Amino acid sequence: MTRKKRRLYFVGAGMLALFAGAALVLTAFQDNLVFFYSPSDLQAKQVSADQRFRLGGMVEEGTVEKQGDTVRFKVTDYAASTPVTFTGILPDLFREGQGVVAEGKIGSDGVFVASEVLAKHDENYMPPEVADALARQDPAWKEKLGRSVEGVEPAKATN
Amino acid sequence: MIAELGHYALVLAFMVALVQSTVPLIGAHRGDAVMMDLARPAALAMFLLVGTAFAALTYAYVVSDFSVINVAENSHTDKPMLYKVSGVWGNHEGSLLLWITILVTYALAVALFGRNLPPTLRARTLAVQAMITAGFLLFILFTSNPFLRLDPAPMDGRGLNPLLQDPGLAFHPPMLYLGYVGFSMAFSFAVAALIEGKVDAAWARWVRPWTLLAWMFLTLGIALGSWWAYYELGWGGWWYWDPVENASFMPWLAGTALLHSAIVVEKRDALKSWTILLAILTFGLSLLGTFLVRSGIITSVHAFASDPTRGLFVLLLLGVSVGGSLMLYAVRAPSLKGGGLFAPVSREGSLLLNNLLMATATATVLLGTLYPVFADALKLGKVTVGPPFFNAVFVPLMVPLILTMAIGPMLSWKRGDVKGALARLWLAAALAVGVFVVTWLLAGGGLDDVMAAVGLGLAVWLLVGVAVELADRVKLFRAPLGESLRRAGTLPRAAFGMTLAHAGVALVVAGVTVSSYWKEERVQVMVPGQTVTVSGWDFTFQGAREVQGPNYDAVEGSFVLSRDGEQIAVLTPEKRQYTSPPMPTTEAAIHTTGWADLYAVVGDAAQGQPGYVTRLYFEPLVPFLWYGALLMALGGIVSLTDRRHRVGAPTRKKAAAGPAAKPAGA
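Going down the list, the protein sequences come from chains A and B. For what it's worth, full-length UniProt numbering labels the leading residue of the first sequence as 1, then goes sequentially. For what it's worth, full-length UniProt numbering labels the leading residue of the second sequence as 1, then goes sequentially.
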């Protein structure tokens, strides 16, 4: 085998791997991209009932209702809000007035059925999409957040 | 005072790093031995200085000196000592200090044990290592100084994030960093070799042990992180293809490829420029991982609050180091002459195939991880790329990889005989097909179940394949037992290392497959006395009570776990409320049979009805993931003890005298 021939083999194998990788990525992208919407986005456009997406915003104060292992709450970006229902154990850091990201589908009744509520490791962590969505609606969201977080604190201290 | 000492030591270390990154380079260029030799005392000085800084910060944590902002924000007097110490690297600033401490420790190891390296290569390697150190020291001093003071000092600290107060996570960052940063050695050697314009078998022999060491630590680090996520987050999963997880996985994939291509350079003097490129990219991916974790640019389930300016700095470091070294590569690589020729079907060919698949897998993971950033920048909307994408892309690439993993070691160098190798693997093939058919039928025989059967079949193929390969080498059953043992005794340790590591991969494949397909999850409200059956295991809820820990209050649920009426264990998961910082955590309770885990989580008291929300899991073969990772790391250790690796590896003087005298290319 000559050097040239060998190189040809390698380039061929490399191209093959590259094509296989690209084909895999493209087909997987088609089915598996999950879009992120805020409550205002949902109001503005129709999302089909079988599309899985992520909904993000703040958990609206005073809307969390628990019934057995099912939880209902509203996600808001201070301009619009979307009702959400979730069955299961919520992440530890789920709290009213805090940022949240849920993944699932929206029903024809406008209620978002979450199959997953994403956990956070740190109370100060705000998912970048949520921060962006809030800033789009209301540049002063940080101050609102500051107030609402303070509002939560005393209640927690008495527990 | 101690904190100022630490700060001062870091500034001095930066000065030394500047000297070490320039003078030895000039010396190597001019052939000036004195200037080249400066690198060694400089490496020692840098180690002592950075070590002093690290000790100073650790001291501040141990004595709870809350006048240091970093301590006040991340520690608390009530915290157990283990977590006071692990709190040092449980935050951004401290973890960077740990990063640099490990970086200079590796440099010191080269300075101390690299006596048999050619002086120019050693000087240049240490200089490149010092450049990386200088960059990170600047990063610490300007954006993330852990020694800043707070006046007035608070009475007590804010405490460490309770999720991090866990033995698994106390050791996860050091392991991960030993791996990440260890790849800086391969990088420095690669850049030094590019400057020298010479890559040969001896070079590969010096680089391999360092890469192996880094790879071993990274394997353990990833496994520890996955184990922590599995039992601490209470979600019953061990991998989410999350950006932060991918950040550690990409250097692992590239590092694994590097490990294998370096073998070809050492044995056959081929694939040189590819290996150099891999060394650069592997460390580049380590830096990228640091950037992703530290910048918070991508939504991650494991993300912590972060600061974008820091991200920018890491991005700059990444651009300069990877961009610069790739430029050097573009200039110098064409002059690296390829050595030994080989046919596509040969040991080299199979290692190359491994590299192609590993590199493609790395690229697809990279693309999936960064796609949300690109999509956002190009205004394509906010998207997430989740586990379904990665599974759809990654799994098909791993199937051919594992198929060839059993065949490759049986092919000879230069020109291999696939038919001969397959003939020797008849037992593995028969068992694999058998397992495939049985699994498929047991799983229901549907189209959805075929991947489960493929996964288990591959695991058996690989496991039996590596066993057959080893048995062949020692002529087990074909020669008298004594003869086989004698042969085993003379086999190089690296051969056993490979067998162990590949067997570890087989266990991981089995664990991933079975735990994905046969996992059972039940979420419900349970009242005391109620029994829920999960995959034949009965969980009887006995109620919950309040308990108190050193720095938390908890609700402790109690489950009696039984099978066929016989009590096996009592599981006591907790839901904890930490006091500082005030934050709830979930502590899962896990009973392991060695084959499967029974996993219980207790949630809040149900509203509007009696009882508690509970989550119960049957997790088959999850323990195999940990066994597999341990076997891989063990394979790395065994390989490292190979006599042939000691040339240039950490070695004592008297041991080095013998092998070092051996001619290169032996």
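Even for Gly, the Cβ is constructed at its ideal location relative to N, Cα and C. In this text, all values refer to a predicted model and were calculated from it rather than measured experimentally.
Can you give me the Cβ contacts of residue i inside the same chain, cut-off strictly under 8 Å, excluding the 5 residues immediately before and after it?
i, result
"V47(A)", "Y37, F53 and I106"
"S144(B)", "H92, E93, L96 and R310"
"F142(B)", "F313"
With a threshold of 6 Å on Cβ separation, who are the neighbours of residue i within its own chain once the five nearest residues in sequence on each side are excluded?
i, result
"T614(B)", "M526 and V602"
"G497(B)", "G635, V638 and S639"
"G284(B)", "V322"
"G159(B)", "H76, S580 and P581"
Rounded to whole angstroms, what's the CA-CA distance from residue i to residue j? Just pull it up for me.
i, j, result
"H7(B)", "G12(A)", "54 Å"
"L378(B)", "A13(B)", "42 Å"
"V331(B)", "F390(B)", "35 Å"
"N355(B)", "A114(A)", "40 Å"
"G349(B)", "D417(B)", "12 Å"
"G311(B)", "F291(B)", "6 Å"
"V365(B)", "S81(A)", "35 Å"
"W227(B)", "A569(B)", "21 Å"
"T275(B)", "F183(B)", "13 Å"
"T592(B)", "A453(B)", "24 Å"
"R493(B)", "M216(B)", "16 Å"
"A333(B)", "S273(B)", "6 Å"
"R149(B)", "F374(B)", "39 Å"
"G168(B)", "G237(B)", "16 Å"
Quick check on this structure: which residue in the options has the alpha carbon closest to the alpha carbon of residue i?
i, options, result
"P584(B)", "E103(A), P128(A), P127(A) and D92(A)", "D92(A)"
"D109(A)", "E60(A), L42(A), G56(A) and A133(A)", "L42(A)"
"G455(B)", "A375(B), E556(B), V418(B) and Y517(B)", "Y517(B)"
"S515(B)", "P581(B), P528(B), D604(B) and W626(B)", "W626(B)"
"V11(B)", "V50(B), A596(B), H591(B) and R30(B)", "V50(B)"
"T572(B)", "P581(B), L616(B) and T593(B)", "L616(B)"
"D151(B)", "N70(B), L397(B), P388(B) and T120(B)", "N70(B)"
"R122(B)", "T439(B), V460(B), H29(B) and V622(B)", "H29(B)"
"D440(B)", "A432(B), D449(B) and V433(B)", "Per the sequence presented here, residue 440(B) reads as Trp, with Asp not at that position. Taking only the C-alpha atoms, the option nearest W440(B) is D449(B)."
"V59(A)", "R72(A), Y9(A), Q67(A) and A20(A)", "R72(A)"
"L557(B)", "V534(B), T579(B), S535(B) and P528(B)", "As written in the sequence, residue 557(B) is Gly, which differs from the Leu given in the question. Per the Cα distances, P528(B)."
"G68(A)", "E619(B), A605(B) and D642(B)", "A605(B)"
"F113(B)", "A56(B), W206(B) and W89(B)", "W206(B)"
"P154(B)", "L98(B), Y230(B) and V68(B)", "V68(B)"
"A131(A)", "T63(A), D77(A), D31(A) and R3(A)", "D77(A)"
"R424(B)", "V320(B), F147(B) and D472(B)", "D472(B)"
"H260(B)", "G408(B), G90(B) and M81(B)", "G408(B)"
"F136(B)", "L277(B), T125(B) and V104(B)", "V104(B)"
Say whether chain B places a C-beta atom closer than 9 Å to the C-beta of residue i.
i, result
"L18(A)", "yes"
"I89(A)", "yes"
"L24(A)", "yes"
"F112(A)", "no"
"D77(A)", "no"
"V100(A)", "no"
"residue 160(A)", "Chain A is shown only over 1 to 159; residue 160(A) falls outside these bounds and no answer can be derived."
"T27(A)", "yes"
"E103(A)", "yes"
"L93(A)", "yes"
"G14(A)", "yes"
"E96(A)", "no"
With a threshold of 9 Å between beta-carbons, can residue i be considered close to chain A, or not?
i, result
"A262(B)", "no"
"M398(B)", "no"
"A13(B)", "no"
"T384(B)", "yes"
"V199(B)", "no"
"M327(B)", "no"
"F342(B)", "yes"
"residue 669(B)", "The requested residue 669(B) is not part of the displayed model; chain B covers only 1 to 666."
Once the 5 residues before and after residue i are set aside, which same chain residues still bring their CB inside 7 Å of it?
i, result
"Y177(B)", "L98, W99 and I102"
When you check each C-beta in the region 140–164 of chain B against every C-beta of chain A, which residues fall closer than 7 Å? Listed by position along the chain: N161 and L163.
Where the region 22–41 of chain B meets chain A: residues whose CB sits under 8 Å from a CB there: Per Cβ criterion, the list is empty.
Scan the region 592–607 of chain B for residues whose Cβ lies nearer than 7 Å to a Cβ of chain A and list them as they occur along the chain. Flagged, chain order: V601, G603, A606 and Q607.
Please name the residues in the region 44–73 of chain A whose beta-carbon is closer than 7 Å to at least one beta-carbon of chain B, in chain order. Listed by position along the chain: R54, K66, Q67, G68 and D69.
Residues of the region 347–381 of chain B with a CB closer than 9 Å to any CB of chain A: list them in chain order, please. Residues passing the 9 Å Cβ filter: G349, L352, L353, L356, L357, A359, T360, A361, A363, T364, L367, G368, Y371, P372, A375, D376 and G381.
Name the residues in the region 606–620 of chain B whose C-beta lies less than 7 Å from a C-beta of chain A; which are they? Here the close residues are A606, Q607, G608, Q609, V613 and R615.
At a Cβ cut of 7 Å, what residues of the region 505–532 of chain B count as close to chain A, listed as they run along the chain? Listed by position, the residues of the region 505–532 of chain B near chain A (Cβ gap below 7 Å) are V523, Q524 and V525.
According to a CB-to-CB cut-off of less than 8 Å, which residues of the region 235–249 of chain B neighbour chain A? Correct list: W235.
What residues in the region 538–553 of chain B bring their beta carbon closer than 7 Å to a beta carbon of chain A? Residues of the region 538–553 of chain B that bring their beta carbon within less than 7 Å of a beta carbon in chain A are absent altogether.
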